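Peer 1:
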Amino acid sequence: MANSNLGLFFVFALLGIVELEASHHVYKHLQTFQSSSSSVNQPYRTGYHFQPPKNWINDPNGVMIYKGLYHFFYQYNPKGAVWGNIVWAHSTSEDLVNWTPHEPAIYPSQPSDINGCWSGSATILSSGKPAMLYTGIDSQNRQVQNLAIPKNLSDPYLTEWVKSAKNPLMQPTAQNHINASSFRDPTTAWLGPNKEWRVIIGSKVNRQGLAILYKSKNFVNWYQSKTPLHSADNTGMWECPDFFPVLLHGQNGVDTSLNGPNVKHVLKVSFDDTKHDCYTIGSYDNVEDIYTPDEGSVEGDSGLRYDYGKYYASKTFFDNVQNRRILTSWINESSSAADDIKKGWSGVHAIPRKIWLDEFGKQLVQWPVVEIEKLRANHVSLANKLLEGGSVIEVPGVTATQADVEVSFEIKDFEKAEVLEPSWTNPQLLCTRMGASVIGSLGPFGLLVLASEGLKERTAVFFRIFKGHTKYVVLMCSDQSRSSLKKDNDMTTYGAFLDVDIRHHKLSLRSLIDHSIVESFGGGGKVCITSRVYPTLAINEAAHLYAFNNGNQSIKILELNAWSMKTAKIN
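Taking mature numbering (1 follows the signal peptide of the UniProt record, and there is no 0), I'd label the letters of the sequence shown as residues -22 to -1, 1 to 549.
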């Protein structure tokens, strides 16, 4: 015990911490990573998306790479399939595809987190040591910010964590006027030019969303900045903020502390009111510590979104080995809580995505990490196939419930496109009114996934082409209205306008299909839509995959490539 305490003193001294708390015991009696049912009885469990074998999960927490291993911490209820009893579960991976579970890293044990260990973020300190800032719910049910670090820095798996005896490091007081019930989710910290650490925490004052800024010289003693990093009226509570730089040119990622003439900054917030992850692109004055969105940016729920479907509480990290920025996120269920309890689990995480700034500096581009392609098998391809109006073509030879499909289309006869009415400004509403069964001119055309024979059930991911005032407009939709015969699921149709010049660029679509998830990427990742669906007929071997065109005009499939996806080794 004496040697252990001496080692802890050395580790904490690196962070300027003098007082120590003994490391908490592991949660072995709660961490039951055992497979609960066979895939036959669990047709909606995923094959290559991350999820534990049972119980509730939500936000990704600290995500990082350390000693060559990717570490994934996430919100987990070890006692059931609904929210509650939240701990920080922990898994590691060499490739972001196959994951090994470990005991929970952080769970309630101090007055500053005794009522819950909520979301937070990982920061790699200048010395290369990882540190976690996270929101705790204290004995007074206030939201406060805490610190934990690894017990043994030589352990690449970082299986044991210790908390600072000085917790909470940041808390609401009568002087700072912070709402004690709206003060959560610290970001990855970054270094300013004065070598002080900075971190933002989500909050609100009435309907004004805030990114409250704190600073520290030693990562322990934090003080609140006089002004927030940024705020926006009428946006409500900002959950899970994320703030990071992106290069103006190229697809490489950069360290979170980088600033200068060659980067823009991204501020992402998760809007508690609507459960949408929205972002702006702008400039960061790291002397005044003010973020300013670019002119023309839309702040609020009608602005840019990472994903226009089920995708929330996302977080990025910089992968300094591959020089890329990786985006992770929670995909919640569309089924009822009663159904979740019956099946014994709720929530999965999206396939990690590489993100970068598009060539015009106006939006982010997202693409599944290349490692996921190692699961591809049974390649099937089509080329130069004409899709006449009203036609449906099956894509045979792939496992339709667990597949990766990429397709590109050639469109002609642009002058026959339907006119986009000036009032049609809401793409989701437009996709709902003009679903896959509504015949158009140039579209709808795309993919029918998780489809039953006879198409009583299908999820349609498709495009429509409209003639706008000055250009042709592409609408991308994910129509879940006929995804299941079970009507008490959320079968919302999603949609977004895709910024692509189809006169000079091909129109492409990629869909990752995994039993109850369809992650779709339009225009090379300029629009992403994730859907949760629960078919009753199109399950296991009874599911089919089709290309379709329900427009009057013919569309050509330039190239279609589809693969069955092998099952990842998770848990």
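Quick reminder that beta carbons are idealized off the backbone N, C-alpha and C, glycines included. Since the model is a prediction, treat every value here as computed from it, not as a measurement.
1) Can you give the beta carbon distance from M110 to I127, rounded, assuming they're within the 8 angstroms contact cut?
2) Tell me whether A(-10) is buried or exposed, calling it buried when 16 or more other Cβ atoms sit within 10 Å of its Cβ.
3) Going by other Cβ atoms of all chains shown within 10 Å of its Cβ, with 16 needed for buried, is K6 buried or exposed?
4) Could you check the C-alpha separation between S509 and F28 for me, to the nearest Å?
5) Short check: CB of G446 to CB of L398, under 7 angstroms?
6) For a quick check, are the C-beta atoms of T207 and A189 less than 7 angstroms apart?
7) Out of W77, L147, A540 and N76, state which residue places its alpha-carbon closest to the alpha-carbon of V376.
8) Given this structure, state the Cα-to-Cα distance separating I329 from Y54, to the nearest angstrom.
9) Does V451 pass the burial test, meaning 16 or more other C-beta atoms within 10 Å, or should it be called exposed?
10) Any chance the CB of D272 is under 6 angstroms from a heavy atom of the ligand FAD?
11) Can you look up A546 in the DSSP assignment and give me helix, strand or coil?
12) Please classify K320: is it buried, with 16 or more other beta-carbons within 10 angstroms of its beta-carbon, or exposed?
13) Could you give the C-beta distance for V373 and L523, rounded to a whole number, given that I count them as a contact under 8 angstroms?
14) What does the alpha-carbon distance come out to for the pair M454 and W200?
15) Could you tell me how far apart the beta carbons of P164 and N157 are, in whole angstroms, since I believe they sit closer than 8 angstroms?
16) Give every residue of the same chain whose Cβ lies closer than 6 angstroms to the Cβ of L538, excluding the five residues on either side of it in the sequence, and list them in chain order.
17) Which class does L476 belong to by DSSP, given the choice of helix, strand or coil?
18) Would you kindly work out how many angstroms separate the C-alpha atoms of V370 and K45, rounded to a whole number?
19) Buried or exposed, going by whether 16 or more other CB atoms sit within 10 Å of the CB of V232?
20) CA-CA distance, S248 and T234?
21) Measure the alpha-carbon distance for S532 versus E366 and round it to whole angstroms.
22) Tell me which residue opens and which closes the beta strand (DSSP E) that K321 is part of.
23) Within the continuous alpha helix (DSSP H) that includes P405, where are the two ends?
24) I'd like to check one pair, L342 with I350: are the Cβ atoms closer than 7 angstroms?
25) Just the Cα atoms here: how many angstroms apart are M412 and H483?
26) Is it a yes or a no for the stretch 112 to 129 touching the stretch 309 to 323, going by three-plus beta-carbon pairs under 8 angstroms?
Peer 2: The answer reads as follows:
1) For the purposes of this step, residue 110 is taken as the residue at position 132 of the sequence shown. For the purposes of this step, residue 127 is taken as the residue at position 149 of the sequence shown. So it is a contact: roughly 7 angstroms between Cβ atoms.
2) If you number the sequence shown from 1, residue -10 lands on position 13. Residue placement at A(-10) cannot be trusted, given a pLDDT of 45 that sits under 50; the coordinates are not used to answer.
3) Residue numbering aside, residue 6 sits at position 28 when the sequence shown is read from its first letter. Confidence at K6 is low in this model, with a pLDDT of 40, below 50, so the placement of that residue is unreliable and no value is reported for it.
4) Start at 1 with the first residue of the sequence shown, and residue 509 comes out as number 531. Start at 1 with the first residue of the sequence shown, and residue 28 comes out as number 50. If I take the Cα positions, the gap works out to 16 angstroms.
5) Here residue 446 is taken as the residue at index 468 of the sequence shown, counted from 1. Here residue 398 is taken as the residue at index 420 of the sequence shown, counted from 1. Closer than 7 angstroms, so yes.
6) The residue given as residue 207 occupies position 229 in the sequence shown. The residue given as residue 189 occupies position 211 in the sequence shown. Per the sequence presented here, residue 207 reads as Leu, with Thr not at that position. In this structure, L207 sits near A189, with a CB-CB distance shorter than 7 angstroms.
7) Translated into the one-based positions of the sequence shown, residue 376 becomes position 398. Here the closest residue by C-alpha is A540.
8) Residue numbering aside, residue 329 sits at position 351 when the sequence shown is read from its first letter. Residue numbering aside, residue 54 sits at position 76 when the sequence shown is read from its first letter. Roughly 18 angstroms separates the two Cα atoms.
9) Start at 1 with the first residue of the sequence shown, and residue 451 comes out as number 473. V451 comes out buried.
10) Absent from the structure shown: the ligand FAD. Ligands present: none.
11) The residue you call residue 546 lines up with position 568 of the sequence shown. The answer is coil: DSSP assigns A546 none of H, G, I, E or B.
12) In the sequence shown, residue 320 corresponds to position 342, counting from 1. Exposed, because fewer than 16 other Cβ atoms sit within 10 Å of the Cβ of K320.
13) Position 395 of the sequence shown, counted from the start, is the residue given in the question as residue 373. Position 545 of the sequence shown, counted from the start, is the residue given in the question as residue 523. With 8 angstroms as the limit, V373 and L523 qualify as a contact, their Cβ atoms being about 5 angstroms apart.
14) Taking the first residue of the sequence shown as 1, we reach residue 454 at position 476. Taking the first residue of the sequence shown as 1, we reach residue 200 at position 222. M454 and W200: Cα-Cα distance of roughly 45 angstroms.
15) One-based indexing of the sequence shown puts residue 164 at position 186. One-based indexing of the sequence shown puts residue 157 at position 179. Not quite, the Cβ-Cβ distance comes to about 16 angstroms (not below 8 angstroms), so this is no contact.
16) The residue labelled residue 538 in the question sits at position 560 within the sequence shown. When the five nearest sequence neighbours on each side are left out, the beta carbons in the same chain lying within less than 6 angstroms of the beta carbon of L538 are those of L360 and V385, in order along the chain.
17) On the sequence shown, position 498 is the one that residue 476 refers to. L476: strand per DSSP, three-state reduction.
18) For the purposes of this step, residue 370 is taken as residue 392 along the sequence shown, with counting starting at 1. For the purposes of this step, residue 45 is taken as residue 67 along the sequence shown, with counting starting at 1. In a straight line, the C-alpha of V370 is about 50 angstroms away from that of K45.
19) The residue labelled residue 232 in the question sits at position 254 within the sequence shown. By the 10 Å Cβ count, V232 comes out buried.
20) Indexing the sequence shown from 1 puts residue 248 at position 270. Indexing the sequence shown from 1 puts residue 234 at position 256. The alpha-carbon atoms of S248 and T234 are separated by roughly 19 angstroms.
21) Numbered from 1 along the sequence shown, position 554 holds the residue referred to as residue 532. Numbered from 1 along the sequence shown, position 388 holds the residue referred to as residue 366. Each residue's Cα considered, the two are about 4 angstroms apart.
22) In the sequence shown, residue 321 corresponds to position 343, counting from 1. Counting along the chain, no beta strand (DSSP E) covers K321; the unbroken alpha helix (DSSP H) around it starts and ends at A315 to K321.
23) Walking along the sequence shown from the start, residue 405 turns up at place 427. First-last of the alpha helix (DSSP H) with P405: P405 to R411.
24) Translated into the one-based positions of the sequence shown, residue 350 becomes position 372. Translated into the one-based positions of the sequence shown, residue 342 becomes position 364. No.
25) As a working mapping, residue 412 is identified with position 434 in the sequence shown. As a working mapping, residue 483 is identified with position 505 in the sequence shown. The alpha-carbon atoms of M412 and H483 are separated by roughly 25 angstroms.
26) Contact between the stretch 112 to 129 and the stretch 309 to 323 is not established, with fewer than three Cβ pairs separated by less than 8 angstroms.
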